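Structure first, then comments.
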Amino acid sequence: MAAEQTSTLTAFYATLKRDLLIAFKRKNDVVNPFMFFVIVVSLFPIGISPESDRLSEIAAGVIWISVLLASMLSMDNLYRADYEDGSLEQLLLSPHPLFFMVLAKNLSHWLVSGLPVVLVSPLLAYMLNLPEEAYTTLFCSLLIGTPIMSLVGSIAVALTVGLGSRGLILAVITLPMSVPVLIFGTLSVQATLNAASPIGLLAIMLAMLAVAVSLAPLASAAALRISVN
Amino acid sequence: MPPVTPESPVDKVADKPMLRASNLFCERDERVLFSGLDLELSEGQILQLQGSNGSGKTTLMRILCGLNDSYEGQISWYGEAIEEQTASFFSSLLYIGHRVGVSKALTPLENLRWSCSLRQQTSEEEILKALAEVGLRGFEESPCYTLSAGQQQRVSLARLLINPARLWILDEPFTTLDKKGVDLLETLLQAHVKAGGAVMVTTHHKLDIPELSILSLG
Numbered sequence: 207m208a209a210e211q212t213s214t215l216t217a218f219y220a221t222l223k224r225d226l227l228i229a230f231k232r233k234n235d236v237v238n239p240f241m242f243f244v245i246v247v248s249l250f251p252i253g254i255s256p257e258s259d260r261l262s263e264i265a266a267g268v269i270w271i272s273v274l275l276a277s278m279l280s281m282d283n284l285y286r287a288d289y290e291d292g293s294l295e296q297l298l299l300s301p302h303p304l305f306f307m308v309l310a311k312n313l314s315h316w317l318v319s320g321l322p323v324v325l326v327s328p329l330l331a332y333m334l335n336l337p338e339e340a341y342t343t344l345f346c347s348l349l350i351g352t353p354i355m356s357l358v359g360s361i362a363v364a365l366t367v368g369l370g371s372r373g374l375i376l377a378v379i380t381l382p383m384s385v386p387v388l389i390f391g392t393l394s395v396q397a398t399l400n401a402a403s404p405i406g407l408l409a410i411m412l413a414m415l416a417v418a419v420s421l422a423p424l425a426s427a428a429a430l431r432i433s434v435n
Numbered sequence: 005m006p007p008v009t010p011e012s013p014v015d016k017v018a019d020k021p022m023l024r025a026s027n028l029f030c031e032r033d034e035r036v037l038f039s040g041l042d043l044e045l046s047e048g049q050i051l052q053l054q055g056s057n058g059s060g061k062t063t064l065m066r067i068l069c070g071l072n073d074s075y076e077g078q079i080s081w082y083g084e085a086i087e088e089q090t091a092s093f094f095s096s097l098l099y100i101g102h103r104v105g106v107s108k109a110l111t112p113l114e115n116l117r118w119s120c121s122l123r124q125q126t127s128e129e130e131i132l133k134a135l136a137e138v139g140l141r142g143f144e145e146s147p148c149y150t151l152s153a154g155q156q157q158r159v160s161l162a163r164l165l166i167n168p169a170r171l172w173i174l175d176e177p178f179t180t181l182d183k184k185g186v187d188l189l190e191t192l193l194q195a196h197v198k199a200g201g202a203v204m205v206t207t208h209h210k211l212d213i214p215e216l217s218i219l220s221l222g
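Those sequence lines, one after another, are chains A and B.
The working numbering puts the last residue of the first sequence at 435; the count rises by one with no breaks.
The working numbering puts the last residue of the second sequence at 222; the count rises by one with no breaks.
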């Protein structure tokens, strides 16, 4: 019976795999935010103007804001079900550092809700007539920005998961924290359009990602411990 | 040199109770649940918590597990403060609460694969064997939302069979089980206690186990 304890890496992979499996089995939770994103973006040409010059001006901002809103919708899936069925308690009582377990859950959340949005963004950028030279920058800025949003949003979800009626509190906490990402994301696209190099701005976003990866799971872990209290 | 009295380290550990709580105080919504509570749990002992609804049984268990930290007092694990022993404590602890920790979207097999991989290396056969033992043969691949509450409880009980944890803390494990399930769990508890494990359990069900001691709350 003296079985060896699993390594933290094994537990990390197991948690990642489990969350991906759950996402795969509950496709609604995954597809809805994605569809929301696509629909919101496509409402702008209808609402504002189908004129290509106007659209190309607002394209980057529209895509970025829609990504933010869509990520709000998907955030709640992160810990909600686990809290309700007690799996979260099992996670908290595992002998492994909660930091890595939270990181695994965040990574799975990003793979399922962030990555598809990033992948489809060039298509929507084409629809909004974003000038061609800015595609790469938009793609890269979203690729760096969406994991930051998952990590930061995770703190807010962890804080509110124990509340009975959350309503909009999640958005009220998360959206202000996402403003820096939004600023640098849209600025980098703007810089490319002005024929300047976006590298500096993207590097700042990378730095933000590094900080988020190393600190946000700590905050989420602490918040989860408070929430199950 | 004076002869040293032989004292094996095993005896030394056995001297100290596995889990000891002293002078516990807990207050919830300005209502004192318990104060000055002392309890000891040693290897080979099964402790049943009794008390009316709302007397703080679940709260006490969650405090001892480390899920709830709104208390005053000391908790020690083999004589050392529990805050400094979390890794060793968590790997020796198995807690099953009201919410059994079984994801409804997954199958029993997938659920157990995950919860076991958080703890110790487990082969697929071990999991299948445990599932068969708790009476879920044939349900390994059915999503848990198609299972009844009692069957979901059984999925979480299968963890008791796989996991070599020394301390079991079980919150109302009998509620959704049928007669056969109750018998099975009682046998499990007895075997665990005989093998030197310790159990803390809340239930309104009358347990027929000789090593039983009872703590009443409220």
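For glycine and all other residues, C-beta sits at the position ideal for the given N, C-alpha and C.
The model shown is predicted, which means the values in this text are computed figures rather than measured ones.
Straight across, the Cα-Cα distance linking residue 101/B with residue 352/A is about 35 angstroms.
Under the DSSP definition of a beta bridge, residue 97/B partners with 171/B. Across the structure, residue 225/A and residue 342/A are spaced so that their CA atoms are roughly 30 angstroms apart. Think of a sphere of 9 angstroms around the beta carbon of residue 154/B: no beta carbon from chain A falls inside it, the nearest being about 15 angstroms out. Ranked by how close their Cα comes to the Cα of residue 346/A, the residues 314/A, 253/A, 321/A and 420/A have 321/A in first place. Chain order gives no chain B residues near residue 319/A, where near means a beta carbon separation below 9 angstroms; the closest approach is about 16 angstroms.
No Cβ of chain A is located within less than 7 angstroms of the beta carbon of residue 52/B. Proximity to residue 428/A across 287/A, 362/A and 348/A peaks at 362/A, based on C-alpha coordinates. In the displayed model, residue 243/A falls within a helix according to three-state DSSP.
Within the stretch 89 to 114 of chain B, the residues whose Cβ lies closer than 7 angstroms to any Cβ of chain A are, in chain order, 91, 94, 95, 97, 99, 101, 103, 104, 105, 106, 107, 108, 109, 110 and 114. Here DSSP, grouped into helix, strand and coil, assigns residue 126/B to coil. Minimum Cα-Cα distance from residue 38/B among the listed residues 74/B, 127/B and 69/B corresponds to 74/B.
A straight-line Cα-Cα distance of about 19 angstroms links residue 65/B and residue 106/B.
Your pair residue 98/B and residue 164/B checks out as a contact, with CB atoms roughly 7 angstroms apart and the cut at 8 angstroms. When C-beta atoms of the stretch 196 to 209 of chain B are compared with those of the stretch 47 to 58 of chain B, three or more pairs fall below 8 angstroms, so the two segments count as touching.
Residue state for residue 178/B is assigned as coil, using DSSP reduced to three classes.
Between residue 121/B and chain A, the shortest Cβ-Cβ separation is below 7 angstroms. With a beta-carbon spacing of about 11 angstroms, residue 355/A and residue 386/A fall beyond the 8 angstroms limit used to define contacts. Within a 10 Å sphere around the beta-carbon of residue 311/A sit 16 or more other beta-carbons, which makes this residue buried.
The alpha-carbon of residue 372/A is positioned some 11 angstroms away from that of residue 286/A. Residue 216/B and residue 52/B have their C-alpha atoms spaced approximately 7 angstroms apart.
Contacts between residue 73/B and chain A, judged by CB atoms closer than 8 angstroms, involve 431 and 435 in chain order.
DSSP lists 38/B as the beta-bridge partner residues of residue 30/B. Burial state of residue 156/B is buried, judged by a 10 Å Cβ sphere holding 16 or more other Cβ atoms. Taken through DSSP and simplified to helix, strand or coil, residue 217/B comes out as strand. Rounded to the nearest angstrom, the Cβ distance from residue 144/B to residue 132/B is 7 angstroms, consistent with a contact under 8 angstroms.
Here residue 358/A has 380, 383, 384, 418 and 422 as same chain residues with Cβ atoms under 7 angstroms from its own Cβ, once five neighbours each way along the sequence are excluded. The beta carbons of residue 331/A and residue 265/A sit closer together than 7 angstroms.
The beta carbon of residue 235/A does not come within 7 angstroms of any beta carbon belonging to chain B, so the residue lies off that interface.
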